[in-house]
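Each residue of the sequence shown is one higher than the one before, counting from 581 in the numbering used here. Quick reminder that beta carbons are idealized off the backbone N, C-alpha and C, glycines included. Since the model is a prediction, treat every value here as computed from it, not as a measurement. To start, the structure itself, in structure tokens.
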Amino acid sequence: MLDGKVAVITGGTRGIGRAIAEKFASCGADIALIATSDSDAAKETIGRLEKTGRNIRFYICDIRNSKDVTDVSEEILADFGHADILVNNAGITRDNLLPALKDSDIDDVIDVNLKGTVYMTKAFIRSFVKQRSGNIINISSVVGLMGNKGQANYAASKAGIIGFTKTVAKEYGSRKIRCNAIAPGYIETDMTGSLGEEYTKAITAAIPLGTLGKPEDVAELALFLAGEGSRYITGEVIKVDGGMYV
Ligand code: NAI
581 MLDGKVAVIT
591 GGTRGIGRAI
601 AEKFASCGAD
611 IALIATSDSD
621 AAKETIGRLE
631 KTGRNIRFYI
641 CDIRNSKDVT
651 DVSEEILADF
661 GHADILVNNA
671 GITRDNLLPA
681 LKDSDIDDVI
691 DVNLKGTVYM
701 TKAFIRSFVK
711 QRSGNIINIS
721 SVVGLMGNKG
731 QANYAASKAG
741 IIGFTKTVAK
751 EYGSRKIRCN
761 AIAPGYIETD
771 MTGSLGEEYT
781 KAITAAIPLG
791 TLGKPEDVAE
801 LALFLAGEGS
811 RYITGEVIKV
821 DGGMYV
């Protein structure tokens with residue numbers, strides 16, 4: 581389904597990004613994975629992805645730094661020859677009530693989640709325009725749509741991604757470049773693993789489908805958005821949240 585396509589995935593070494601990488605590679609895509617460090621999780625993920633027989637490469641880059649992002653995009657384009665799909669997945673949380681949020685909590689979250697997404701997209705858009713094709717998938721959050729107590733910085737960053745997604749869709753639709761966002765609800769990953777049993781129980785009770793999601797649930801939608809089946813969909817925000825925000 582993605583035969584011969586090259587997908588660039590930020591934060592692809594664990595959680596949702598890894599599930600997307602595995603799904604794409606199993607459907608024939610070559611993968612450029614970006615993460616901040618060469619962790620054990622990264623090594624394990626690369627090992628698993630290489631078993632698909634696809635061309636898998638790993639790049640260390642902190643997406644907060646626009647110069648590093650430009651450099652890594654050039655390296656990826658040189659290594660693979662081109663790129664077809666960009667998944668802006670890397671993201672962090674620094675949760676607290678507004679008065680308790682440190683400046684660094686606000687800066688870090690906006691820098692990684694929002695500015696990182698903008699830098700990455702800016703770095704690849706020229707090559708997409710040149711080849712008159714490209715597919716950008718941004719990982720936002722239901723929190724960017726509905727807000728959430730204790731996540732003012734995170735909600736702002738994820739809402740920002742939605743405005744950015746719609747703008748890129750409008751700016752580049754005529755060049756056959758699509759840009760959509762996925763808004764996951766609560767998905768079982770390291771990010772949500774630290775929330776505690778009590779909190780997780782309360783969240784689960786508020787989800788009509790009665791359970792947290794799996795990274796694979798998000799990967800299925802990413803695959804649809806990456807493929808030809810969604811060729812007439814752009815500027816859209818699609819939730820994968822078990823009905824949590826209806
Ligand atoms: P995770 O914490 O398991 O993985 C995040 C990834 O981002 C890691 O690979 C990490 O290395 C990478 N990363 C962090 N900062 C980076 C930086 N400065 N430069 C490059 N890479 C960096 O997170 P998870 O749960 O897999 O989340 C993936 C995306 O989905 C995030 O954008 C998150 O906000 C979003 N999301 C997650 C939800 C959940 O319930 N887990 C719900 C809604 C959205």
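Worksheet item: Going by DSSP, which residues form a beta bridge with Tyr734?
Response: Taking the first residue of the sequence shown as 1, we reach residue 734 at position 154. Note: Tyr734 sits in no beta bridge, so no partner.
Worksheet item: What is the rounded straight-line gap between the Cα of Ile717 and the Cα of Cys759?
Response: As a position in the sequence shown, residue 717 is number 137, starting the count at 1. As a position in the sequence shown, residue 759 is number 179, starting the count at 1. Ile717 and Cys759: Cα-Cα distance of roughly 6 Å.
Worksheet item: Who pairs with Thr772 in a beta bridge, going by DSSP?
Response: Residue mapping note: residue 772 aligns to position 192 of the sequence shown, counting from 1. According to DSSP, Thr772 bridges with nothing at all.
Discussion item. Please return the same chain residues whose Cβ sits closer than 7 Å to the Cβ of Asp691, not counting the five positions on each side in sequence.
Written reply: Reading the sequence shown from its first residue, position 111 is the one you call residue 691. Contacts found: Arg644.
Practice prompt. Would you mind working out which of Ser737, Lys819, Met726, Val649 sits nearest Met700, comparing C-alpha positions?
Written response: Position 120 of the sequence shown holds residue 700. Among Ser737, Lys819, Met726, Val649, the Cα nearest to that of Met700 belongs to Val649.
Item to complete: Flag this pair as touching only if the region 744 to 758 and the region 703 to 721 have three or more C-beta atom pairs under 8 Å; answer yes or no.
Response: yes
Worksheet item: Taking just the CA atoms, how far does Ala761 sit from Val798?
Response: Counted from its first residue, the sequence shown places residue 798 at position 218. Counted from its first residue, the sequence shown places residue 761 at position 181. Taking the straight line from one Cα to the other gives about 11 Å.
Worksheet entry | Where Asp675 sits in the DSSP three-state scheme | Counting from one through the sequence shown, the residue named residue 675 turns up at place 95. Correct three-state label for Asp675: coil.
Discussion item. Counting C-beta neighbours from all protein chains within 10 Å, is the total for Ser653 16 or more, i.e. buried, or is it exposed?
Written reply: Locating residue 653 in the sequence shown gives position 73, where the first residue counts as 1. Flag for Ser653 reads buried.
Worksheet item: Are Ile767 and Pro795 closer than 8 Å when you measure CB to CB?
Response: Locating residue 767 in the sequence shown gives position 187, where the first residue counts as 1. Locating residue 795 in the sequence shown gives position 215, where the first residue counts as 1. Yes, the Cβ-Cβ distance between Ile767 and Pro795 is below 8 Å.
Worksheet item: For Gln731, which residues of its own chain have a beta-carbon under 6 Å away from its beta-carbon, when the five flanking residues on both sides are left out?
Response: Against the sequence shown, residue 731 aligns to sequence position 151. Only Asp675, Val723 meet the Cβ criterion.
Worksheet item: How far does the alpha helix (DSSP H) with Val698 in it reach, from first residue to last?
Response: For the purposes of this step, residue 698 is identified with residue 118 of the sequence shown, where counting begins at 1. It spans 696 to 711 - the alpha helix (DSSP H) in which Val698 sits, taken as one unbroken run.
Practice prompt. Say whether the region 800 to 817 touches the region 736 to 747, bearing in mind that this needs 3 or more beta-carbon pairs closer than 8 Å, one atom from each stretch.
Written response: yes
Worksheet item: In terms of residue numbering, what span does the beta strand (DSSP E) encompassing Pro764 cover?
Response: The residue labelled residue 764 in the question sits at position 184 within the sequence shown. Residues 757 to 764.
Discussion item. Pull the bridge partners of Arg637 from the DSSP assignment, please.
Written reply: For the purposes of this step, residue 637 is taken as residue 57 along the sequence shown, with counting starting at 1. Bridge partners of Arg637: Ala612.
Item to complete: Please name the residue or residues paired with Asn718 in a DSSP beta bridge.
Response: The residue you call residue 718 lines up with position 138 of the sequence shown. DSSP lists Asn668, Ala761 as partners of Asn718.
Worksheet item: Can you tell me whether DSSP reads Ile589 as helix, strand or coil?
Response: By 1-based counting over the sequence shown, the position of residue 589 is 9. Strand at Ile589.
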